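So the structure is just underneath, and the comments pick up after that.
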Amino acid sequence: PGEFNQVAAILLGSRDEALNNVLTDPTMFQASTLLLCGSVFLFLMMITFGVALPSGVFMPSLLTGSSLGGYAGIMIQKYFLETVVPAHMALLGGAAMLGGIQRTTVSLCVILMEATGQTKVLIPLIISIVVARFVGDIFNDGYYHIIMHEKHYPFLEHRIKQSFDIPTVASVMTSPVVSLNDIETAGTLETILKENPFNAFPVINLTTKEYIGIIRRDQVVALLECGIFVDTANISRSQTAKAREVMQRANLQEKSRALTRDDDYYRHRTVMKSPAKGHRKMPSLGTEHSWLKDNVVQTKAGNVLIGSDEGMPSGSIPNIGPTVVEYDALGNLVVKISSDEKEKLVDIGAAMNRGAYNVVQNTPLSKTYEIFTAFGLRTLCVLGENGSVVGIVTRSNLLPDYMQSSTGLDMD
3 PGEFNQVAAI LLGSRDEALN NVLTDPTMFQ ASTLLLCGSV FLFLMMITFG
53 VALPSGVFMP SLLTGSSLGG YAGIMIQKYF LETVVPAHMA LLGGAAMLGG
103 IQRTTVSLCV ILMEATGQTK VLIPLIISIV VARFVGDIFN DGYYHIIMHE
153 KHYPFLEHRI KQSFDIPTVA SVMTSPVVSL NDIETAGTLE TILKENPFNA
203 FPVINLTTKE YIGIIRRDQV VALLECGIFV DTANISRSQT AKAREVMQRA
253 NLQEKSRALT RDDDYYRHRT VMKSPAKGHR KMPSLGTEHS WLKDNVVQTK
303 AGNVLIGSDE GMPSGSIPNI GPTVVEYDAL GNLVVKISSD EKEKLVDIGA
353 AMNRGAYNVV QNTPLSKTYE IFTAFGLRTL CVLGENGSVV GIVTRSNLLP
403 DYMQSSTGLD MD
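Count along the sequence shown from 1, then add 2; that gives the number in our numbering.
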């Protein structure tokens, strides 16, 4: 009774208390204890990093680095330089470990200064973090960059390399593009959503075929789900001719496709299906807590406004409308509308984004990359000389591996 086990206090005790003791006064532990605990934590970190376990990154890294730094401080004080403060070495060790793993500099320095109040070691702390990051960059990327690469997240660096000035955007864009006319039939939109996995569609003028905007997939789904159609009884003569042309073209496309509908695919009429998330009931515009109210807003004047909320519904709200919204096998939103609504017209031009960024096909890849990263875009339309859509660029098109395979140039 009354004995204190140093190893158990660090490995099995409170992490906050152990970290505070190591950073405040490492000499309260034996040097062998700090070396053992730091080595054990380092070994466990190598196993748990990247595994779907709530083990954390910041605290284990800081505790490991401070333990090894405290050990180094005690050894230097004992055998080389007596004026060295082990507590300062523990702080520098934790900072170096975090800087080498996370590759953060300014934010990490500010966090550690605010947490410890050790302003006397500000300059050595900055040097330790910068050196740790520089040495780490020689061997590989940071921890978070590696995880994003392994999970295939299309992350783009905010620095433009000199090799980006040589090719043009036409060498990396996706072409041909599935476009929507400013007025489409509901049946045509249903077919396009089912056959194409894209999250955004360029919108072109039905007559001139010129690019006029872009619309997201969930906005098209919201228009169909809410039953927002063109009132053909109150449109002008020119609009009537355009509507007739749209309906004739839609009928020809439907006959040429000869699509067969899978009844089992639309078995649940009031349930949105997701392979990963299970079943969730879809709301309608008239329900009190409908998620579609974030995308579709009706004003007092009777106008319809389309919002920019990209959040998906959560909760269980029954759908009382005839339109069914579901996920397909790839996780894309698709719809099934009733047969009597297939010929109704949807005004895509009223809901599209008219101020979307776009570039011409001879734009340098460096300028395209700069626009994409500076404004955080998801899609960027590429236009030809006559204003028509000739391609589209997403984050996947600007990844180094894809650009290198498309252009044949070394993008590293």
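We put the CB at the ideal spot given by N, CA and C, even for glycine. A quick note: this is a predicted structure, and the numbers were derived from the prediction, not measured.
Nearest CA to the CA of residue i: which residue from the options?
i                 : options                           : result
leucine 226       : Asn198, Leu347, Val133 and Pro199 : Leu347
valine 326        : Ser340, Phe374 and Leu332         : Ser340
methionine 405    : Leu335, Thr170, Asn201 and Ser181 : Thr170
threonine 396     : Thr176, Ser368 and Gly389         : Thr176
isoleucine 168    : Ala376, Ser390 and Thr370         : Thr370
phenylalanine 31  : Phe6, Asp18, Ser408 and Met47     : Phe6
phenylalanine 157 : Leu14, Asp403 and Thr409          : Asp403
arginine 105      : Phe166, Thr50 and Val59           : Val59
threonine 121     : Ala89, His151 and Gly101          : Ala89
glutamate 212     : Phe200, Thr193 and Leu182         : Leu182
serine 57         : Arg17, Gly229 and His154          : Arg17
lysine 163        : Phe136, Ile194 and Leu400         : Leu400
threonine 107     : Ser165, Tyr329, Asp139 and Cys228 : Asp139
alanine 54        : Ile78, Thr29, Thr210 and Lys153   : Lys153
methionine 61     : Gly229, Glu345, Ala117 and Arg356 : Ala117
proline 199       : Asp330, Ala172 and Ser109         : Asp330
threonine 193     : Leu100, Asp143, Glu345 and Tyr81  : Glu345
leucine 191       : Ala10, Ser407 and Glu343          : Glu343
glutamate 372     : Phe166, Gly96, Ile49 and Gly15    : Phe166
methionine 77     : Thr29, Leu100, Asn360 and Met47   : Thr29
lysine 196        : Lys80, Val9, Ala10 and Glu328     : Glu328
valine 137        : Leu100, Gly119, Ser109 and Thr85  : Leu100
lysine 80         : Ala33, Asn355 and Gly119          : Ala33
asparagine 207    : Ala172, Arg356, Val9 and Cys228   : Arg356
Just to confirm, are residue i and residue j a CB contact at a threshold of 7 Å?
i               : j             : result
serine 68       : leucine 25    : yes
isoleucine 92   : alanine 134   : The amino acid at residue 92 is misidentified as isoleucine; the sequence shows alanine. Contact: no.
glycine 393     : valine 384    : yes
alanine 202     : threonine 35  : no
isoleucine 103  : serine 63     : yes
valine 179      : valine 391    : yes
valine 415      : valine 337    : There is simply no residue 415 to check, as the chain begins at 3 and stops at 414 in what is shown.
phenylalanine 1 : threonine 66  : Outside the displayed span of the chain (3 to 414) sits residue 1, for which this structure offers no information.
leucine 37      : tyrosine 73   : yes
histidine 160   : threonine 375 : yes
glutamine 221   : alanine 358   : no
If residue i sits next to residue j, beta carbons under 8 Å apart, how far is it from one beta carbon to the other, in whole angstroms?
i                 : j                : result
phenylalanine 472 : alanine 188      : Residue 472 lies beyond the stretch modelled for the chain, which goes from 3 to 414, so this question has no answer here.
serine 130        : leucine 94       : 5 Å
aspartate 184     : isoleucine 214   : 6 Å
leucine 411       : valine 174       : Incorrect: roughly 11 Å between the Cβ atoms, too far for contact.
glycine 75        : valine 87        : 7 Å
leucine 335       : arginine 219     : 6 Å
isoleucine 217    : isoleucine 350   : 6 Å
glutamine 363     : glycine 386      : 6 Å
tyrosine 155      : phenylalanine 51 : In fact, because the Cβ distance is near 17 Å, the residues do not count as touching under 8 Å.
Kindly identify the DSSP beta-bridge partner or partners of residue i.
i              : result
tyrosine 329   : Leu335
proline 366    : Thr170
threonine 409  : Answer by DSSP bridge pairing: none, since threonine 409 is not bridged.
aspartate 143  : Paired residues: none, contrary to the question.
aspartate 349  : Ile185
asparagine 355 : Ile216
threonine 176  : Ile394
valine 361     : Val384
For residue i, decide whether its Cβ has a neighbour in chain D, counting only Cβ atoms nearer than 7 Å.
i            : result
arginine 380 : The structure shown contains no chain D; it is built from a single protein chain.
Ordered list of alpha helix (DSSP H) runs contained in the stretch 180 to 245, each at least 4 residues: Runs of the alpha helix (DSSP H) inside the stretch 180 to 245: 188 to 197 and 219 to 228.
Taking the runs of the beta strand (DSSP E) that are 3 residues or longer, which of them lie wholly in the stretch 373 to 406? Those beta strand (DSSP E) runs which fall completely within the stretch 373 to 406 and span 3+ residues are 381 to 385 and 391 to 396.
Kindly provide the ranges of any alpha helix (DSSP H) runs that are 4 or more residues long and lie completely inside the stretch 64 to 147, ordered along the chain. Counting whole runs of 4 or more residues, the stretch 64 to 147 contains the alpha helix (DSSP H) stretches 88 to 104, 108 to 118 and 124 to 141.
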